[in-house]
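Working notes for the structure below.
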Amino acid sequence: MSQDELVSHQASYNDLFCKLLDATFLIDKEDLTVLEVNPTAEQFVSEEMMTKKFNIMDLFLEEDTKKAMKSLRMAKRKYYPVQFEYGWKDLNGKLVEMQISACMLKISDDFEVLQLIAHDVTDLNEAQRKNKQLMNQLEALSVTDEMTQLSNYRRFKELIEGEHSRAQRYKAPYAVIFCDV
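Each number in our numbering comes from the position in the sequence shown (counting from 1) with 623 added on.
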């Protein structure tokens, strides 16, 4: 297919911008003021913010601003998306974990903006944390006797294999003492 025949070349950026389900911001590349937001981004931006041309850094958590600034500087130097994750607060003050893609976008021959697309990954990250916690619990259960909470035979085998490997590596003798209560 030639460049002229590609369907994506016929698409209107404005149409795409308005229909994206992720919060999308067009930002002045020099001073990082927000020029335009799509409807999804309005959950992070008040009317007052939009009337006074706010800085995109206002959305980042205070502890993340230095790292976020560095990430945005990288995005301004490259012409491909840079991805990073930072926390934001929505208009209700709720913490939202965002996966952000930022890249330069050429609007016209002499005008470029920084495009920032923010995807909410709060639920995904919470599910991953919960899965990790469950895996840790499962691992603990697999090597612990349920009644006595002492290490079980499986854990004993893991430990003895480790000690045996260490003894072979250092060519050192070792002994095992069994006590039966």
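We treat Cβ as the ideally placed atom computed from N, Cα and C, and that holds for glycine.
Note that the coordinates shown come from a computational prediction; the quantities given were computed from them, not determined experimentally.
Within 10 angstroms of the beta-carbon of residue 801 lie fewer than 16 other beta-carbons, which makes it exposed.
As the crow flies, the alpha-carbon of residue 672 is around 25 Å from that of residue 706. Ranking 771, 737 and 723 by CA distance to the CA of residue 729 puts 737 first. Where residue 712 is concerned, there is no enclosing alpha helix (DSSP H), although the beta strand (DSSP E) around it starts and stops at 705-712. For residue 780, the enclosing alpha helix (DSSP H) covers residues 776-792.
Close CB contacts of residue 677 within its chain, under the 8 Å cut and outside five residues either way in sequence, are with 656, 657 and 668 (chain order). Contact between the region 769-784 and the region 740-749 is absent: fewer than 3 CB-CB pairs across the two stretches fall below 8 Å.
Linking residue 790 to residue 758 through their CA atoms gives a straight-line distance of about 31 Å.
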